[in-house]
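Peer 1: Would you mind keeping the following structure in view while I ask a few things?
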Amino acid sequence: MNERSAVIASGGSPSQKAGGVATLVASSLSNQLGAASGSLAFPVIGPLGVVAVRQLVAAAVLLPIVRPRLREFSWRQWWPVLLLAVVFGTMNLCLYASIQRIGLGLAVTLEFLGPLAVALLSSRRKSNAVCAVAAGAGVVAITQPDASMDYAGIGLGLVAACSWAFYILLNRTVGQRIQGIQGTAAATGVSATLYLPVAVVIFLSQPLDGFAITCAVSAGILASVLPYVADLIALRRVPAQLFGVLMSVNPVFAAIIGALALNQELNVGQWAGIALIVAANAGALLLRGGKQ
């Protein structure tokens with residue numbers, strides 16, 4: 001996931017909404033293509049190296065555009081930014097490590113339990129219990145518990161989900177205390193700074209591999225830069241609720257790309273699990289949006 005969560009959407013005309021929807025779908029596709037591209041570099045630099053490059057690329061693009069006034073931040077503003085930076089880095093690292101172990105489609109779907117949990121807990125509607133049950137059934141269908149299951153990969157996916165939930169909550173705090181998206185940009189810069197020594201050690205400890213670096217940079221562009229720009233444009237045209245529902249297409253894209261591009265085939269039960277979690281996420285957002 002990336003900095004998009006910090007931006008608040010507004011409505012628009014039907015034609016604007018149609019364009020916004022198309023842009024958001026393209027953004028989701030780009031995000032998952034970026035994750036797939038990054039996974040191709042795992043054999044050489046591992047998930048840690050890919051995430052380090054992704055964070056550096058995101059900061060190199062975002063900071064010059066936003067130009068946050070860091071010297072004017074008070075400690076009350078800085079502490080949630082620092083936490084956000086840590087959570088952001090942890091979320092991406094756990095997601096990519098999970099992708100390495102259990103595949104793109106399943107890892108991304110498990111990660112989406114994070115925003116689903118936030119949506120369910122922020123509303124007290126009894127009907128949300130149905131969404132929770134559907135999500136739970138989806139997790140069981142995806143993991144298909146048995147002696148040979150990759151518990152570490154599933155656990156990393158769930159840590160990524162928890163990180164995304166905290167990311168959403170921290171973004172609310174940052175958005176309330178810092179104007180615009182300066183806080184998110186600052187958090188991206190801090191995260192990149194933390195990962196810079198990691199990138200230096202990884203690339204100095206082994207010969208440079210052009211293909212791996214290209215894949216990692218592509219992950220940064222496709223999964224951070226392009227989605228950020230696309231979402232920034234689209235969020236001015238579509239309501240926040242519609243944006244949240246459309247984000248549910250990410251696990252579907254991840255599963256399809258994983259199957260077609262990475263040969264990560266899923267069985268019928270796992271596809272059903274993905275469908276259940278997507279439906280639960282969309283249902284929770286729709287119910288939350290309808291609450292008066």
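283 is the number that the working numbering gives to position 283 of the sequence shown; each next residue is one higher, with no gaps. Every residue, glycine too, gets a C-beta built ideally from N, C-alpha and C.
In the DSSP assignment, find the unbroken alpha helix (DSSP H) run with residue 31 in it and report its ends.
Peer 2: Stepping through the sequence shown from its first residue, residue 31 is reached at position 31. Looking at the DSSP string, the run of the alpha helix (DSSP H) that includes residue 31 is 14-39.
Peer 1: Report all residues from its chain with a CB closer than 7 Å to the CB of residue 91; omit the five preceding and five following residues, and keep chain order.
Peer 2: Walking along the sequence shown from the start, residue 91 turns up at place 91. Answer for residue 91: 1, 160, 163, 164, 167, listed in chain order.
Peer 1: Helix, strand or coil for residue 110? Go by DSSP, reduced to three states.
Peer 2: Locating residue 110 in the sequence shown gives position 110, counting from the first residue. Helix.
Peer 1: Measure the alpha-carbon distance for residue 104 versus residue 139 and round it to whole angstroms.
Peer 2: Locating residue 104 in the sequence shown gives position 104, where the first residue counts as 1. Locating residue 139 in the sequence shown gives position 139, where the first residue counts as 1. Whole-angstrom Cα-Cα distance: 15 Å.
Peer 1: Look at the alpha carbon of residue 292 and the alpha carbon of residue 119, and state the distance between them as a whole number of angstroms.
Peer 2: The count along the sequence shown starts at 1 and reaches residue 292 at position 292. The count along the sequence shown starts at 1 and reaches residue 119 at position 119. With a pLDDT of only 42 at residue 292, under 50, the local geometry of the prediction cannot be trusted, and no value is derived from it.
Peer 1: If you drop the 5 nearest sequence neighbours on each side, which residues of the same chain put their C-beta closer than 7 Å to that of residue 215?
Peer 2: The residue given as residue 215 occupies position 215 in the sequence shown. So the qualifying residues of the chain are 37, 38, 40, 41.
Peer 1: Could you check what DSSP says for residue 238 in three-state terms: helix, strand or coil?
Peer 2: Residue numbering aside, residue 238 sits at position 238 when the sequence shown is read from its first letter. In the structure shown, residue 238 sits in coil (DSSP, three-state: anything other than H, G, I, E or B).
Peer 1: With H, G and I counted as helix, E and B as strand and the rest as coil, what does DSSP make of residue 247?
Peer 2: As a first step, residue 247 must be located in the sequence shown, where it is residue number 247. Coil at residue 247, not helix or strand.
Peer 1: What's the call for residue 149, buried or exposed, on a 16-neighbour Cβ count within 10 Å?
Peer 2: As a working note, residue 149 is residue 149 in the sequence shown. Exposed.
Peer 1: With DSSP run on the structure shown, which of helix, strand or coil describes residue 149?
Peer 2: In the sequence shown, the residue the question calls residue 149 occupies position 149. Coil.
Peer 1: Can you look up residue 3 in the DSSP assignment and give me helix, strand or coil?
Peer 2: Walking along the sequence shown from the start, residue 3 turns up at place 3. Interpretation of residue 3 is limited by its pLDDT of 48, a score under 50 that renders its predicted location unreliable; no figure is taken from the coordinates.
Peer 1: Short check: CB of residue 102 to CB of residue 47, under 9 Å?
Peer 2: Here residue 102 corresponds to residue number 102 of the sequence shown, with the count starting at 1. Here residue 47 corresponds to residue number 47 of the sequence shown, with the count starting at 1. Against a cut-off of 9 Å, the Cβ pair of residue 47 and residue 102 comes out as no contact.
Peer 1: Between the Cα of residue 284 and those of 114, 33, 21, 16, spot the shortest distance and give me the residue it belongs to.
Peer 2: To locate residue 284, count along the sequence shown from 1; it is residue 284. Nearest C-alpha to residue 284: 114.
Peer 1: Between residue 198 and residue 58, how many whole angstroms is the CB-CB distance? I'm expecting something under 8 Å.
Peer 2: Locating residue 198 in the sequence shown gives position 198, where the first residue counts as 1. Locating residue 58 in the sequence shown gives position 58, where the first residue counts as 1. At roughly 15 Å, the Cβ-Cβ gap does not stay under 8 Å, so residue 198 and residue 58 are not in contact.
Peer 1: Taking buried to mean at least 16 other C-beta atoms within 10 Å of its own C-beta, is residue 225 buried or exposed?
Peer 2: Sequence index remark: in the sequence shown, residue 225 carries index 225 (1-based). It counts as buried.
Peer 1: In angstroms, rounded to a whole number, what distance separates the CA positions of residue 7 and residue 20?
Peer 2: Sequence index remark: in the sequence shown, residue 7 carries index 7 (1-based). Sequence index remark: in the sequence shown, residue 20 carries index 20 (1-based). With a pLDDT of 42 at residue 7, under the threshold of 50, the modelled position of this residue cannot be trusted, and the question is left open.
Peer 1: Roughly how many angstroms separate the alpha carbons of residue 210 and residue 34, rounded to a whole number?
Peer 2: Taking the first residue of the sequence shown as 1, we reach residue 210 at position 210. Taking the first residue of the sequence shown as 1, we reach residue 34 at position 34. The straight-line gap from Cα to Cα measures roughly 17 Å.
Peer 1: Look at residue 254 and residue 60 and say whether their C-beta atoms are less than 9 Å apart.
Peer 2: Position 254 of the sequence shown, counted from the first residue, corresponds to residue 254. Position 60 of the sequence shown, counted from the first residue, corresponds to residue 60. No. Outside cutoff.
Peer 1: Using beta-carbon positions only, say whether residue 66 and residue 206 come within less than 9 Å of one another.
Peer 2: Here residue 66 refers to the residue found at position 66 of the sequence shown. Here residue 206 refers to the residue found at position 206 of the sequence shown. Not in contact: residue 66 and residue 206 (Cβ atoms no closer than 9 Å).
Peer 1: Check each candidate in 158, 141, 222 and name the one with the smallest Cα separation from residue 305.
Peer 2: Past the edges of the chain, shown from 1 to 292, lies residue 305, and the structure says nothing about it.
Peer 1: Mind checking residue 281: buried by the 16 CB within 10 Å criterion, or exposed?
Peer 2: In the sequence shown, counting from the first residue as 1, residue 281 sits at position 281. It counts as buried.
Peer 1: So what's residue 180 in DSSP terms, helix, strand or just coil?
Peer 2: Numbered from 1 along the sequence shown, position 180 holds the residue referred to as residue 180. DSSP places residue 180 in coil when its eight states are reduced to three.
Peer 1: How would you call residue 144, buried or exposed, if buried means at least 16 neighbouring beta carbons within 10 angstroms?
Peer 2: Counting from 1 along the sequence shown, the entry for residue 144 is found at position 144. Residue 144 is exposed by the Cβ-count criterion.
Peer 1: Output the boundary residues of the alpha helix (DSSP H) element that contains residue 210.
Peer 2: Here residue 210 refers to the residue found at position 210 when the sequence shown is read from its first residue. Note, residue 210: alpha helix (DSSP H), 210-220.
Peer 1: Please tell me whether residue 135 and residue 277 are closer than 9 Å, where the distance is taken between their beta carbons.
Peer 2: For the purposes of this step, residue 135 is taken as the residue at position 135 of the sequence shown. For the purposes of this step, residue 277 is taken as the residue at position 277 of the sequence shown. Yes, the pair counts as a contact, with Cβ atoms nearer than the cut-off.
Peer 1: Which of helix, strand or coil does DSSP assign to residue 207?
Peer 2: Residue 207 sits at position 207 when you count from the first residue of the sequence shown. DSSP places residue 207 in coil when its eight states are reduced to three.
Peer 1: In angstroms with no decimal places, state the Cα-to-Cα distance between residue 81 and residue 183.
Peer 2: Here the question's residue 81 lines up with position 81 in the sequence shown. Here the question's residue 183 lines up with position 183 in the sequence shown. Using only the alpha carbons, I get a separation of about 6 Å.
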